[in-house]
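All remarks here apply to the structure that follows.
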Amino acid sequence: MQIKTAVSTMLGIDLPIIGAPMFLVSYPDLVVAVSEAGGLGAMPALNYRTSEELRRGLSEMRARTKKPIGINLILHKEHNPKWQEQFELCLEFKVELIITSLGSPRSVIKEAKSIGSKVFCDVTTLRHAEIVAKSGADALIAVAQGAGGHAGAISPFALIPYLKEAIPEVPVVASGAIATGKQMAAALALGADAVYVGTRLIATPEAQAYAEYKQMLVDSAPEEIIYTPKISGIPANWLKRSLEKLAARKDGIHAASQPGASVLEDPNFKPETGLSVEAKSWKEIWSAGHGVAQIHSIEPAAQVIRQMAADYQKVKQNLP
Ligand SMILES: Cc1cc2nc3c(=O)[nH]c(=O)nc-3n(C[C@H](O)[C@H](O)[C@H](O)COP(=O)(O)O)c2cc1C
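Residue numbers (this note's numbering): 137 to 456.
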């Protein structure tokens, strides 16, 4: 099956579906599965502590698929002091898609373009979108309210057409609560040129997440997603059940006598900054977006991608 859009054509992929990079979750197994299914799989460079480990990860993916892949770079010295080295490796391996978050992408865009790679940039506001568009971004990733990880605060119903109207020349990838073909159809109807799928792909055997985390996605309702800056210093969406689990572990017997005790209510709980501490909090507290509402089982990533594309086609035909 092929679904042609500005983004699928630009990236040379069959389906305009990008497997979103996820800290401590997406590794080669997930990237390869998504790319082989016709989408494009991506992972954060920060999932590897050293450049040697990242090199091994890139070599492994190149050996396992000939399809395009993506790497996410956090362009912020404080959050990611090694981003330059990671970028050099992306250039060496001719990674087809570089996804930037935080920081200014200008120098990355110039060098990536010189070897034919595309650069997509995460944005949550029009101001940031205008800056990256001016720097030459090949597409904007509109990270809307309800997304897993560091989500934006604007509803996708407003954000996607808002960016398209203001910056019509740059394609938009919709990010946030896209877990089914219906949501993909809605995003494309709003003007998006592709979708970005994070949370749904955690509930797959290929995701490197604890079994308990995957099951929590199946069991959790969207009412149990908490949007707060208190965990990582930047507003993000978290699974309430994982916060409660941590609170219970920290307080031991005390928490058991206070059902629902949350680490967020603890006056001594402080947002964690600095990479190693942040990594620790992402390991203990699990992130997910509002798309948990549509996650009912753990399924292979290829099945998720193919089903989404097939359902998208059906929805499109059956619209009133
Ligand atoms: C567990 C988790 C980790 C994430 N880590 C990153 C990351 O390292 N870099 C990044 O740019 N986005 C990260 N994100 C955000 C995703 O790339 C994407 O924007 C988001 O998951 C899309 O929304 P959805 O989860 O509702 O599909 C993460 C999301 C989750 C759920």
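Even glycine gets a Cβ: it sits at the ideal position worked out from N, Cα and C.
{"Item": "Kindly examine ligand 1 and report whether one of its heavy atoms sits closer than 7 Å to the Cβ of Tyr332.", "Value": "yes"}
{"Item": "Among residues of its own chain, excluding the 5 on either side of Gln344, which ones have a beta-carbon nearer than 8 Å to its beta-carbon?", "Value": "Leu160, Val161, Ser162, Tyr163, Asp165, Leu166"}
{"Item": "When every heavy atom of ligand 1 is checked, does at least one fall within less than 7 Å of the C-beta of Ala156?", "Value": "yes"}
{"Item": "For a test of the three-state rule: what should DSSP assign to Trp422, helix, strand or coil?", "Value": "coil"}
{"Item": "Excluding sequence positions up to five away, which residues of its chain have a Cβ less than 7 Å from the Cβ of Pro152?", "Value": "Ile139, Thr141, Val143, Ser144, Asp329, Ala330, Val331"}
{"Item": "Going by DSSP, which residues form a beta bridge with Ala275?", "Value": "Phe256"}
{"Item": "Return yes when at least one heavy atom of ligand 1 lies under 7 Å from the C-beta of Phe223, else no.", "Value": "no"}
{"Item": "Return the Cβ separation of Ala313 and Ala283 in integer angstroms, given the expectation that the two are a contact with Cβ distance under 8 Å.", "Value": "7 Å"}
{"Item": "Hey, how far is the Cα of Asn216 from the Cα of Tyr184?", "Value": "11 Å"}
{"Item": "Which full runs of the alpha helix (DSSP H) of 4+ residues lie inside the region 320 to 362, going along the chain?", "Value": "335 to 338, 347 to 355"}
{"Item": "So which of Ser240, Phe223, Pro341 has the shortest CA-CA distance to Leu233?", "Value": "Phe223"}
{"Item": "According to DSSP, which residues form a beta bridge with Trp374?", "Value": "Ile362, Ser423"}
{"Item": "For Ser195, name the three-state secondary structure that DSSP assigns.", "Value": "helix"}
{"Item": "Using 8 Å as the threshold, is the C-beta distance between Leu209 and Thr236 below it?", "Value": "yes"}
{"Item": "First and last residue of the alpha helix (DSSP H) that includes Ala280?", "Value": "Element bounds for Ala280: n/a, residue is neither H nor E."}
{"Item": "Once you ignore the five residues that flank Ser378 on each side, which residues in its own chain have a CB closer than 8 Å to its CB?", "Value": "Tyr349, Met352, Glu420, Ile421, Trp422"}
{"Item": "Mind reading off the beta-carbon distance from Ile154 to Gly175? Whole number of angstroms is fine, and I expect it under 8 Å.", "Value": "6 Å"}
{"Item": "For Pro358 and Pro365, which I take to be in contact (beta-carbon distance under 8 Å), what is that distance rounded to the nearest angstrom?", "Value": "Not really, about 20 Å apart at Cβ, beyond 8 Å."}
{"Item": "Below 8 Å between beta carbons: does that hold for Ile251 and Pro204?", "Value": "no"}
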